[in-house]
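Residue numbers (our numbering): -3 to 151.
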Amino acid sequence: MRQERTQRDAVRQRLEQLTAEKEALELDNREIRLHLDEREIKDLRMRKTAIYVWFHTPEHWDAIRENSPQWKELEERVNEVYPGVSQTLLRHYPKIKTSELHVCLLVKIGISVSGMARIMDLTKSAISNIRIRLYEKIFEDKGSTDDFDKFILGL
């Protein structure tokens, strides 16, 4: 009798523990869904901007120069839609070059590597090397182009 009560208490206690864990996981899942929804909304807002459309139009790519006014507009829109992107990059790597910032902005708006190469008048391997070097400078660790892109897209 006493042993049955002890077992029931242990089962009840385990059930309470599992219920609490389940509720915590459900809260985590809701938070993740909200974060993803927020990210999707930001991505949609960005895609609706004129500068996003402009940069995604290959006919414009050959006309872009390092000092083109479109870069400033792109940076402003990216920081408006995704607050703090430039500040975060500068905080992690204060010596970031203009061309490196441009690569970050292009990654953020989803321009392909071949598109970036054409826009910046570089080879695809040069673009990949910039991304790898930036990752290493920011994190002081080895990383891949995918690691860099995930970091930028997560900002």
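Idealized CB from N, CA, C, for every residue including glycine.
Span of the alpha helix (DSSP H), counted from its first residue to its last, around residue i
{"i": "Tyr48", "result": "Ala46 to Phe51"}
{"i": "Pro90", "result": "Per DSSP, Pro90 belongs to no alpha helix (DSSP H) and is neither H nor E."}
{"i": "Gly111", "result": "Val109 to Met116"}
{"i": "Glu132", "result": "Lys120 to Phe135"}
Assumed close pair residue i, residue j - CB separation to whole angstroms, cut-off 8 Å
{"i": "Ile115", "j": "Trp57", "result": "5 Å"}
{"i": "Ser82", "j": "Glu71", "result": "6 Å"}
{"i": "Lys38", "j": "Val77", "result": "5 Å"}
{"i": "Val103", "j": "Ile60", "result": "With a Cβ gap of about 16 Å, Val103 and Ile60 do not count as contacting."}
Rounded separation between residue i and residue j - CA only
{"i": "Thr15", "j": "Ala122", "result": "53 Å"}
{"i": "Leu101", "j": "Pro90", "result": "16 Å"}
{"i": "Tyr48", "j": "Tyr131", "result": "24 Å"}
{"i": "Phe135", "j": "His88", "result": "8 Å"}
{"i": "Asp117", "j": "Asp33", "result": "35 Å"}
{"i": "Leu206", "j": "Pro79", "result": "Only positions -3 to 151 of the chain appear in the structure, and residue 206 is not among them; the question remains open."}
{"i": "Val99", "j": "Ile28", "result": "28 Å"}
{"i": "Glu17", "j": "Lys93", "result": "47 Å"}
{"i": "Thr45", "j": "Arg127", "result": "25 Å"}
{"i": "Lys68", "j": "Val74", "result": "10 Å"}
{"i": "Val7", "j": "Met(-3)", "result": "15 Å"}
Residue i (DSSP reduced to helix, strand or coil)
{"i": "Ile105", "result": "coil"}
{"i": "Leu156", "result": "Given that the chain is displayed from residue -3 to residue 151, the structure contains no residue 156 and the question cannot be resolved."}
Could I get the ranges of all uninterrupted alpha helix (DSSP H) runs contained in the segment -2 to 83, with 4 residues as the minimum, in chain order? Listed in chain order, the complete alpha helix (DSSP H) runs (minimum 4 residues) inside the segment -2 to 83 are -2 to 43, 46 to 51, 54 to 57 and 65 to 77.
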